[in-house]
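Residue numbers (the working numbering), protein chains in the order written: chain A, 128 to 288; chain B, 128 to 288.
From the three backbone atoms N, C-alpha and C, an ideal C-beta is built for every residue, glycine too.
Beneath this line is the structure, given in structure tokens, with notes to follow.
Protein chains: 2
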Amino acid sequence: MDVPALHLSYLKVGDLARRTGKTVRAIHLYEELGLLAPIRSKGGYRLYHARAVDRVEWIQKLQDMGFSLTDIKAFLQVWEQSSTAPSAMQTVRDIFSEKLRETNDTLARLTKLSRELEESLAYLDSCKSCEPVHTQQQCGCCDMHGHEGHAPLLVDGITRH
Amino acid sequence: MDVPALHLSYLKVGDLARRTGKTVRAIHLYEELGLLAPIRSKGGYRLYHARAVDRVEWIQKLQDMGFSLTDIKAFLQVWEQSSTAPSAMQTVRDIFSEKLRETNDTLARLTKLSRELEESLAYLDSCKSCEPVHTQQQCGCCDMHGHEGHAPLLVDGITRH
DNA sequence: GTACACCCTTACGTAAACGTAAGGGTTCGA
DNA sequence: TCGAACCCTTACGTTTACGTAAGGGTGTAC
Numbered sequence: 128m129d130v131p132a133l134h135l136s137y138l139k140v141g142d143l144a145r146r147t148g149k150t151v152r153a154i155h156l157y158e159e160l161g162l163l164a165p166i167r168s169k170g171g172y173r174l175y176h177a178r179a180v181d182r183v184e185w186i187q188k189l190q191d192m193g194f195s196l197t198d199i200k201a202f203l204q205v206w207e208q209s210s211t212a213p214s215a216m217q218t219v220r221d222i223f224s225e226k227l228r229e230t231n232d233t234l235a236r237l238t239k240l241s242r243e244l245e246e247s248l249a250y251l252d253s254c255k256s257c258e259p260v261h262t263q264q265q266c267g268c269c270d271m272h273g274h275e276g277h278a279p280l281l282v283d284g285i286t287r288h
Numbered sequence: 128m129d130v131p132a133l134h135l136s137y138l139k140v141g142d143l144a145r146r147t148g149k150t151v152r153a154i155h156l157y158e159e160l161g162l163l164a165p166i167r168s169k170g171g172y173r174l175y176h177a178r179a180v181d182r183v184e185w186i187q188k189l190q191d192m193g194f195s196l197t198d199i200k201a202f203l204q205v206w207e208q209s210s211t212a213p214s215a216m217q218t219v220r221d222i223f224s225e226k227l228r229e230t231n232d233t234l235a236r237l238t239k240l241s242r243e244l245e246e247s248l249a250y251l252d253s254c255k256s257c258e259p260v261h262t263q264q265q266c267g268c269c270d271m272h273g274h275e276g277h278a279p280l281l282v283d284g285i286t287r288h
């Protein structure tokens, strides 16, 4: 029997960690949660297939989307418990569809925030040349900004308690 | 001395909670962290000025931007410790400026994710009519999708371990 | 003057995603 | 065969932003 040298084809946990930018502890955790299932060397070392890199990157992507690791586990279970491809795919589709909605909501919120930040920065720029110099307690009641209304909410909120 | 009726001009903690959509506990927490400083009734009730609503909403906004409550506290301290408006404003400006960068990074990431989700959904749609029906284990190796490469990462990752 | 809603403080509980430390084996090249 | 580097399990610690419960006052409308 020609047993291939394991160390040539498999990754140890530290290797996987390095290739994915995760810590060893994180990878252990993923396994505890059922997201990874390495084989073991006779000495007990975890041995990962090269595909595990993809799996970890996939996990990262779902995390970026706002899924918790527990969500991801449920996700995999749904998959493994579906017997036919169409039903599994439909479930996955539903989950992704909902997440797309959420992602787009978040995008809208952040876009608004980005604009508010820009406005606030513009406002604050005119503070640099405040003359005569005010104390910060006096701030917010000067006419240096050419703003018809008042300061942007992000700035105004600092002084309001 | 004409003492105004407190209950007419001030909010109790429950009132503030209702007007901001926060819980009483959350508002207590904000106070513990130094983000709010209500006066007290003779019986010990917290009494909030109407402006406290703005302050809480401001806190919410900063949270949305990814600031922790501790960050926000530091933020306020910087403000209160600056004696002149220009120096305080400059510090605030720097913080906002950094956060704008982060926000825009996040926007870029989420935009990409949104696109990936759409691609994945399109891909999964062609699974609905899988014929002959495959088991989910067989899935990922059929030619029904007209994709030259393989499944989108978000889909492909499910089956790779 | 009493009921009922609301408030007080204190303090422990919770969930997520790991960090960190202890005590001890495993690999593998030299 | 030895040592350095790496791995194992177990298990407690950490942070954030509150939740929740206990035991007991307060406010106010009737």
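The three-state secondary structure of A/T147, taken from DSSP, is helix. For the 7 angstroms CB-CB criterion, A/L234 and B/L237 form a contact. In the structure shown, B/Y175 adopts extended strand secondary structure according to DSSP, grouped into three states. At least one beta carbon of chain A lies nearer than 7 angstroms to the beta carbon of B/T230. The alpha-carbon of A/E243 is positioned some 39 angstroms away from that of A/L156. In the DSSP assignment, no residue is bridged to A/R220. The beta carbon of A/I222 sits no closer than 7 angstroms to any beta carbon of chain B. By the CB criterion at 7 angstroms, B/L251 and A/R182 fall outside the cutoff. If you ignore the 5 residues before and after A/L163, its C-beta comes within less than 8 angstroms of the C-beta of I154, Y157, Y175, A179, R182, V183, all in its own chain and listed in chain order. The C-beta distance from A/T230 to B/S247 rounds to 12 angstroms, too long to meet the 8 angstroms contact threshold. A direct Cα-Cα distance of roughly 21 angstroms separates A/L281 from B/P165.
CA-CA distance, B/D232 to B/K226, rounds to 10 angstroms. For A/G284, the enclosing alpha helix (DSSP H) starts and ends at 280-286. B/K149 counts as buried, since at least 16 other C-beta atoms from the protein chains shown sit within 10 angstroms of its C-beta.
A/Q217 and A/Y137 have their C-alpha atoms some 34 angstroms from each other.
A/L163 sits in coil when the DSSP states are folded into three classes, being neither helix nor strand.
Judged by DSSP in its simplified three-state form, A/K200 adopts helix. B/V205 and A/R228 have their alpha carbons spaced roughly 38 angstroms apart. A straight line joining the alpha-carbon of B/A215 with that of A/A249 spans about 15 angstroms.
At the C-beta level, A/L160 and A/L196 come within 7 angstroms of one another. In this structure B/K139 touches B/R173 by the C-beta definition: roughly 7 angstroms separates them, less than 8 angstroms.
Across the structure, A/I199 and B/D191 are spaced so that their CA atoms are roughly 24 angstroms apart. Chain A places no beta carbon closer than 7 angstroms to that of B/G193, leaving this residue out of the contacts.
With a threshold of 7 angstroms between beta carbons, A/S241 makes contact with chain B. Scanning chain A for C-beta atoms nearer than 7 angstroms to the C-beta of B/T233 yields L237, reported in chain order.
Legend: CB atoms of the region 139-152 of chain B lying less than 7 angstroms from CB atoms of chain A are not found in any residue. Taking 7 angstroms as the CB threshold, B/G284 lines the interface with chain A.
In the displayed model, B/K226 falls within a helix according to three-state DSSP. Taken through DSSP and simplified to helix, strand or coil, B/K239 comes out as helix.
Listed by position along chain A, the residues whose Cβ is nearer than 7 angstroms to that of B/K226 are L244. Around the beta carbon of A/G284, a 10 Å sphere encloses 16 or more other beta carbons of the protein chains shown; the residue is thus reported as buried. Residue state for B/K188 is assigned as helix, using DSSP reduced to three classes.
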